[in-house]
Amino acid sequence: MSSQNLSIPKTISALRLSIADGLFAQMFVNLTGSVFLPAFALALNATPVQVGMLAAIPFFANTSQFLGSYLVERFQRRKLLTTGFSFVSRCMWIPVVLLSFWKGDSSPQFALYGLLVLVLTSAILASFSGIAWLSWMAGLVPADIRGRFFGLRNSLLGVVTVSVTLAGSRFLDVLPNWFPGISQLRAFEILFSFAVVAGMISSYLLTKKPELPTNFSVNTQFKKIYRAPLKNPDFRRLIEFSMIRSFATNIAAPFFIVYMLEDLQLSYSTIGIFTILTSLADLVGMWIWGHLSDQIGNKPVIVLVTIVTTFLPVCWLLTGPNDLTVFLLIPIFNLTGGFMWAGYNLCTVNLLFRMVPEEGNSAYFAFWSVLNGFCAGIGALVGGVMAKNFDLLMALMPFSVDFGYKLLFLISAMVRIIPLFLVFKIRENYGMPFVKAISVLRNVKSWGSLMGFNAPLHFFLPNRSDQDQPSPYWPLWRNPAARSRH
């Protein structure tokens, strides 16, 4: 099953719709997550452990993707599964709004536990949708433009993130000024309502995309399908590396916002601006890394960004409640992190797409999401328990320093060192060795060809004869009717 079963115009139309639905889906995801979900939890008087639980729920929900993978392989209805589960998942935020309005002020802990249950339900349904979407997109996006397409799509999603974060965080700050005495929870309820509307629009656009034809009969040998990923040595190397990264990262990830709200006493708008800087860097990074990965390969990018992001949390030890932190350090850290994590997120998924077969690919995506999600969830819970027991942890230290949340950042960086020894074992069948890729990147003259202005670089890339001819699918904004049809 692949995009080659569709005509070029239909494929291009589907890719355009994928970008459009992604824009509204990103509005939903950003307003119900990002800075807003932990801030909402704190408004309900959540403890550090509860914040960790809230951050861990989406990751643990990914364990249900084995069932989602079974549904994909059993029924081969990727479009129906994606649209149906995504719609119901987004509807779960309607009772979140109602529960907050009903019990948020009088019984915040009741509302908080209700939030945990509803977020868990929504996340499980979203995981079913996500595994079907990955399998759907793996066949829909032509391999020769995969890096550029997802780079473009993710960059546009970054624009949405910037706009929504700026508007939403500003709204949280100004609503109490417009209506003195109003509960802060009303602002969150309005934002979540907008999120649900955006999610419904996204689900509608999903229904307009074509279902890909199936070229093979339904495979009932499910044991064989689920054993295949674990027998693939390339996949095992990638997943082992990614699992440890997910665990290490999420020890600290949910608590950067909590640290800025509680320790640095920053406003929602200020934190929103920092989030926007991350999104802007992510936007630029997706475009740059998307082009680079199509030229030099995914592994060199993964190695480079892994090295940088391993030590980035240590830099947060330099921060404090002062102007230097607010106006210089945190902006630099967010810009660097956004740019580097864009490369990691894009290229690990691109590499995953390259190594999975067409038949039974949902099993690979399920293992990827489940194992990474489980490790990320454990990391968030470990971080929450550590945050609750800072006094005990500091008593075990050989020196007396009040680290607070900075202790989580330090521990996260220390654990991130472990994957550095695994990243070089990852294999990719095409592209450049890491050392050669770095030497190319250091040559300023090569950036024109790397970014697609000309193509002399393909002479140095093994087994990439497809680079000799321009793709009929790219760029997406050209008139597809003028192109040849399959």
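Note that the sequence shown ends on residue 488 in my numbering; no numbers are left out.
Every residue gets a Cβ at the ideal spot worked out from N, C-alpha and C, and that includes glycine.
Near residue i, what residues of its chain come up, given a Cβ to Cβ distance below 8 Å and the 5 sequence neighbours on each side ignored?
i: residue 357; result: 234, 236, 237, 240, 366
i: residue 267; result: 323
i: residue 164; result: 278, 281, 282, 285
i: residue 118; result: 52, 55, 56, 59
i: residue 447; result: Only weak support is given to the placement of residue 447: the predicted model assigns it a pLDDT of 48, under 50, and the question is left unresolved by the model.
i: residue 198; result: 30, 92, 93, 95, 96, 99
i: residue 328; result: 266, 268, 272
i: residue 33; result: 166, 170, 193, 194, 196, 197, 200
Please work out which residues of its chain come closer than 6 Å, Cβ to Cβ, to residue i, disregarding the five sequence neighbours upstream and downstream, and give them in chain order.
i: residue 271; result: 171, 172, 175
i: residue 368; result: 67, 68, 71, 133
i: residue 23; result: 204, 207, 208
i: residue 102; result: 113, 187, 191
i: residue 31; result: none
i: residue 211; result: 16, 19
i: residue 462; result: Note that residue 462 scores 37 on pLDDT, short of 50, meaning its location in the model is unreliable; the coordinates nonetheless yield the value given after this. For residue 462, where only same-chain residues beyond five positions count, there are no Cβ hits under 6 Å.
i: residue 62; result: 379
Grab the span of the alpha helix (DSSP H) containing residue i for me, first residue to last.
i: residue 519; result: The requested residue 519 does not occur in the structure, where the chain is confined to residues 3 to 488.
i: residue 180; result: 148-180
i: residue 128; result: 110-142
i: residue 391; result: Where residue 391 is concerned, there is no enclosing alpha helix (DSSP H), given that its DSSP letter is neither H nor E.
i: residue 319; result: Taken as a continuous stretch (DSSP letters only), residue 319 belongs to no alpha helix (DSSP H), as it is neither H nor E.
i: residue 70; result: 67-77
i: residue 347; result: 332-357
i: residue 495; result: Outside the displayed range of the chain (3 to 488) lies residue 495, so it cannot be described from this structure.
i: residue 186; result: 186-208
i: residue 253; result: 235-254
i: residue 268; result: No alpha helix (DSSP H) contains residue 268, which DSSP labels as neither H nor E.
i: residue 59; result: 50-63
i: residue 262; result: 257-264
i: residue 102; result: 95-105
i: residue 38; result: 38-45
Ignore the nearest five residues each way along the sequence and tell me which others in residue i's own chain have a CB closer than 7 Å to its CB.
i: residue 84; result: 131, 134, 135, 138, 208
i: residue 97; result: 120
i: residue 373; result: 241, 245
i: residue 468; result: Per-residue confidence for residue 468 stands at a pLDDT of 43, beneath the threshold of 50, marking its modelled position as unreliable; the derived number appears in the next sentence. Only 146 meet the Cβ criterion.
i: residue 384; result: 253
i: residue 91; result: 124, 127, 128, 131
i: residue 334; result: none
i: residue 161; result: 285
i: residue 386; result: 50, 51, 53, 54, 55
i: residue 464; result: Low per-residue confidence applies at residue 464: pLDDT is 39, beneath 50, and the placement is therefore not dependable enough to give any value.
i: residue 427; result: 239
i: residue 262; result: 268, 273
i: residue 74; result: 80, 83, 133, 134, 137, 364
i: residue 380; result: 249
Let's test the definition: count the other Cβ atoms within 10 Å of the Cβ of residue i and tell me whether it reaches 16, buried, or not, exposed.
i: residue 360; result: exposed
i: residue 80; result: buried
i: residue 419; result: exposed
i: residue 27; result: buried
i: residue 183; result: exposed
i: residue 313; result: exposed
i: residue 179; result: exposed
i: residue 301; result: buried
i: residue 458; result: Confidence at residue 458 is low in this model, with a pLDDT of 38, below 50, so its placement is unreliable and the value that follows should be read with caution. So residue 458 ends up on the exposed side.
i: residue 490; result: Outside the shown range of the chain, which is 3 to 488, sits residue 490, and nothing can be said about it.
i: residue 319; result: exposed
i: residue 232; result: exposed
i: residue 326; result: exposed
i: residue 181; result: exposed
i: residue 47; result: exposed
i: residue 479; result: exposed
i: residue 330; result: exposed
i: residue 77; result: exposed
Would the segment 108-115 and the segment 335-354 be scored as touching if the rule is three or more Cβ pairs under 8 Å?
no
Given 8 Å, three or more beta-carbon pairs between the segment 298-314 and the segment 323-342:
yes
Under 8 Å, with one C-beta from each stretch per pair, do the segment 290-302 and the segment 143-151 reach the 3-pair mark?
yes
Is it true that the segment 249-265 meets the segment 406-418, where meeting means three or more beta-carbon pairs spaced less than 8 Å apart?
yes
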